[in-house]
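Chains as they are written, first to last, in numbering that gives the first Met the number 0: chain A, 0 to 365; chain B, 0 to 257. Following: one structure in structure tokens, then a few remarks.
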Amino acid sequence: MSFYDVYIKYRNFDLDKCFRSDSSVSIQSVLEKDRLDLGHFIYLLSPQTENFLESMARKAQAITRNNFGNTVQLYTPMYLSNYCDNSCTYCGFNFNNNIERRKLNLEEVNREAQYIYSLGLKHILILTGESRGESSVSYIKDCVRILKKYFSSISIEVYPLTVNEYTQLVNEGVDGLTIYQEVYDDSLYAKMHVYGPKKDYKFRIDAPERGAEAGMRSISIGTLLGLGEWRKEVFILGLHAKYLQDKFPEAEIAISVPRIQPQISGFKPVSSVSDRNIAQTILALRIFLPRLGISLSTRENPEFREGLIPLGITKISAASTTAVGGHTIAGNTSQFEIQDRRNVDEIKIMLESKGYQPVFKDWLQI
Amino acid sequence: MEDLLVIAGKEIGNRLFIGTGKFSSYSIMKQSLEAAKAEVATVALRRVDSDSKKENIMDFVPESCRVMINTSGARDADEAIRIARLAKAAGAGNWIKIEVIRDNKYLLPENLETLKAVEALVREGFVVFPYMSPDLSMGRRMVEAGAAAVMPLGSPIGSNRGVKTRELIEIMINEINLPIIVDAGLGRPSEACECMELGAAAVLVNTAIAVSNDPVKMAKAFSESVYAGRLAYLSGIPAVEKTASASSPLTGFLRDKK
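Right, dumping it as structure tokens:
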């Protein structure tokens, strides 16, 4: 059994009916509980709960403080390659898009790593477009060998791999896996992933557990908000995170709820997701799963990011670029537009002013 | 005579040990350690950033405070052993708190892997403090393995629930001939005091201090309550009686011989 089977079980689950039928529950009674069940999680995601965001926020802040302290972990993405074999309607790296394709050679990787290291960052997330041919596992391993000279923690966000391939990367020094399903609704998934290996829904949805099985220390999953009906997507995301926590208690499970941003293909979000919706998403997940890591990317604007931090955020990116070699090579196309362009020191000062310790290093190569 | 806790030849006057995670800044952490007059602070090696372009936690631990590195992040004995060796190589000393956690939901320790790490690290000359779920048999095994003290949890890390394991901890205090240091879950100074009254050798507190609105004041409050609890323990706390004990006994008139 894998999470795919859980998804199939809930695929036709009538969430709207649950939202309508559960009128006996009160927000106070849910917030007073130490442990929430699935019914409570559904309640926290429901339209009627949108009126109680303030009391949810207070609870979420207390939970986050006790579990993670007054700290926020910093990381930054590093794009190694933008070659891609897939045609995904919403993505700037879509292989049909006429953009300059680029892959860093190892010397360029070293230069980019040196630059990021000079900013004081110790946790890095490396990304490639999804092309097994251009960014092979052995290429990623070569890059990791260079990066571990500079960074304490290396996570990957690449195409889904087999257990054996994940194991090779763990042995090389990778400790984190980020892989987003993008959209859990499988019929929408089929429509939006027009061509390429990414069409294989099941191989992707089960990738996080293959990574955990291979010994990845942290596993980060997500859904790209705007691609599907957000409440249904977040409900499945919560189920997925809980499934991973239950099955792999030794791993740190984290989620991200990126909202789709404009990029080169001109894709427009299918459903609109408001700021309040994002806040409710984060609050419901935090209260449902107190130990869940929640990361927030620079897709959101500075003011909104700052507001979300006390609601349960544990990790944020800083000094981000979504272009290949974006720190040391000018002119490459970005995967999507960044809203928060602040540098590391500006983010550090912002966190300190809000009473949070920016954590640059929270792992070590052992 | 001064009441000192002696571990591996080191005399410790303040029986409040403080964990250094979760503070809103290293400067607040430092002020808290100073306000408590802490003599032992635990530091996770994963947080130590010796070639930092920003700040290194070790620079904020007062000189009067002994650093006990913890193996936070270790999932088995092997990882804990490697972290301990890295700590020693980095010059962080040989006092090691073994934290082996395979459960990220409750952060409860893995006693068996912890024991294996204790056995190995004692052989390598470390002064070893195992963090464990309270269990008498396992505690005895830790003693046999050469642990310097035993650190049973009061309740899960960060839960602020207090001494939920009180009965088990009391048994360990009575039966184990090593300092028992209650670690984790203490949410308020009165709970730290309670542990000391029971006869714990020390307590370790982090979350309740670090996330309070005024960590510096809270550190002091914990320190004073630990001291009060210790004094009470040393004074001999009168047994609790279910019935009243009259100062003029009701049977005082019975004067013939028993």
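Ideal Cβ positions, reconstructed from N, Cα and C, are used throughout, including at glycine.
Quiz item: Under the rule that 16 or more other beta-carbon atoms within 10 Å means buried, what is B:T250, buried or exposed?
Solution: Result: exposed.
Quiz item: Considering only C-alpha positions, which residue in the set B:S224, B:S23 and B:N13 is nearest to B:C64?
Solution: B:N13
Quiz item: Exposed or buried, which one is A:L105 when buried takes at least 16 other CB atoms within 10 Å?
Solution: exposed
Practice problem: Could you please give me the residues that DSSP links to A:I125 through a beta bridge? | Solution: The partner list for A:I125 (beta bridge, DSSP) reads A:M77 and A:I155.
Self-check item: Cβ-Cβ distance between A:E299 and A:Q338 below 8 Å
Solution: With contacts defined by Cβ atoms closer than 8 Å, A:E299 and A:Q338 form a contacting pair.
Exercise. Name, please, each residue of chain B whose Cβ falls closer than 9 Å to the Cβ of A:L124.
Key: Near A:L124 there are no residues of chain B at all, since even the closest Cβ is about 18 Å away, more than 9 Å.
Practice problem: Would you mind reading off the limits of the alpha helix (DSSP H) that contains A:D15? | Solution: L14 to S20
Exercise. Return the CA-CA distance between A:G225 and B:A34, expressed in angstroms with no decimal places.
Key: 50 Å
Quiz item: Taking the C-alpha atoms as reference points, what is the distance between B:I170 and B:V215?
Solution: 33 Å
Quiz item: Along chain B, which residues have their Cβ under 9 Å away from the Cβ of A:Q338?
Solution: By Cβ distance, chain B contributes nothing, its closest Cβ being about 25 Å from A:Q338, past 9 Å.
Quiz prompt | First and last residue of the uninterrupted alpha helix (DSSP H) at B:K115 | solution = First-last of the alpha helix (DSSP H) with B:K115: N110 to R122.
Quiz prompt | Where the stretch 59-87 of chain A meets chain B: residues whose CB sits under 8 Å from a CB there | solution = R64, N65, N66, F67, G68, N69 and T70
Quiz prompt | Residue from A:P357, A:E133 and A:E49 whose Cα sits closest to the Cα of A:K314 | solution = Here the closest residue by C-alpha is A:P357.
Self-check item: Boundaries (first-last residue) of the beta strand (DSSP E) holding A:A251
Solution: Position check: residue 251 of chain A holds Glu in this sequence, whereas Ala was assumed. Unbroken beta strand (DSSP E) run through A:E251: E251 to S255.
Self-check item: Stretch pair the stretch 209-217 of chain A + the stretch 34-48 of chain B: three plus CB contacts closer than 8 Å
Solution: no
Practice problem: Give the residues of chain A in contact with B:R46, contact being defined as C-beta atoms less than 8 Å apart. | Solution: V358, K360 and D361
Quiz item: Excluding the five sequence neighbours on either side, which residues of its own chain have a C-beta within less than 7 Å of the C-beta of A:F40, listed in chain order?
Solution: G237, A283 and F287
Quiz item: Counting pairs of Cβ atoms below 8 Å between the stretch 88-107 of chain A and the stretch 200-213 of chain A, do you hit three or more?
Solution: no
Practice problem: Within the same chain, show all residues whose beta-carbon is closer than 6 Å to that of A:G311, passing over the 5 residues directly before and after it, in chain order. | Solution: A59, T63, I281, R285 and I293
Quiz item: Secondary structure at A:C90, three-state DSSP: helix, strand or coil?
Solution: coil
Self-check item: Among B:I208, B:V204, B:G228 and B:G235, the one whose alpha carbon lies nearest that of B:C194
Solution: B:G228
Practice problem: Mind checking which residues open and close the alpha helix (DSSP H) that includes A:S117? | Solution: L105 to S117
Exercise. Tell me, please, whether the CB atom of A:I253 is closer than 8 Å to any CB atom in chain B?
Key: It is worth fixing the name first, because residue 253 of chain A is Ala in this sequence and not Ile. Chain B, which has no Cβ nearer than 8 Å to the Cβ of A:A253, makes this no.
Self-check item: Helix, strand or coil at A:K8 [DSSP, three-state]
Solution: helix
Practice problem: Decide if A:M0 is buried, meaning its Cβ has at least 16 other Cβ atoms within 10 Å, or exposed. | Solution: Exposed, since its Cβ has fewer than 16 Cβ neighbours within 10 Å.
Quiz item: Candidates B:A231, B:G124 and B:Y25: which alpha carbon is nearest B:C192's?
Solution: Looking only at B:A231, B:G124 and B:Y25, the smallest Cα-Cα distance to B:C192 is reached by B:A231.
Quiz item: Using the rule of at least 16 other Cβ atoms within 10 Å of the residue's Cβ for burial, across every protein chain shown, is A:R34 buried or exposed?
Solution: exposed
Practice problem: Within the same chain, show all residues whose beta-carbon is closer than 7 Å to that of A:H326, passing over the 5 residues directly before and after it, in chain order. | Solution: Taken in chain order, the residues that qualify are E111, Y114, I115 and T320.
Self-check item: Within chain E, partners of A:Y355 - CB distance below 7 Å
Solution: Absent from the structure: chain E. Protein chains present are A and B.
Practice problem: Output, in chain order, the set of chain A residues within a Cβ distance shorter than 8 Å of B:T206. | Solution: N65 and G68
Exercise. Mind checking who A:Y194 pairs with in its DSSP beta bridge?
Key: A:S86
Self-check item: Partner residues on chain B for A:E107, Cβ-Cβ distance less than 7 Å
Solution: Per Cβ cutoff of 7 Å: no residues; A:E107 is ~22 Å from chain B at best.
Quiz prompt | Ranges of the alpha helix (DSSP H) found wholly within the stretch 6-40 of chain B, counting only runs of at least 4 | solution = 25-35
Exercise. Note down, in chain order, each residue of its chain lying with its Cβ closer than 6 Å to the Cβ of A:I346, except the 5 sequence neighbours on either side.
Key: A317
Exercise. If I'm right that A:S54 touches A:F18 with Cβ under 8 Å, what's the distance once you round it to whole angstroms?
Key: Between A:F18 and A:S54 the Cβ distance is about 19 Å, and since that is not below 8 Å, they are no contact.
Practice problem: Could you name the residues of chain B that A:A250 contacts, counting a contact when the two beta carbons are closer than 7 Å? | Solution: N103
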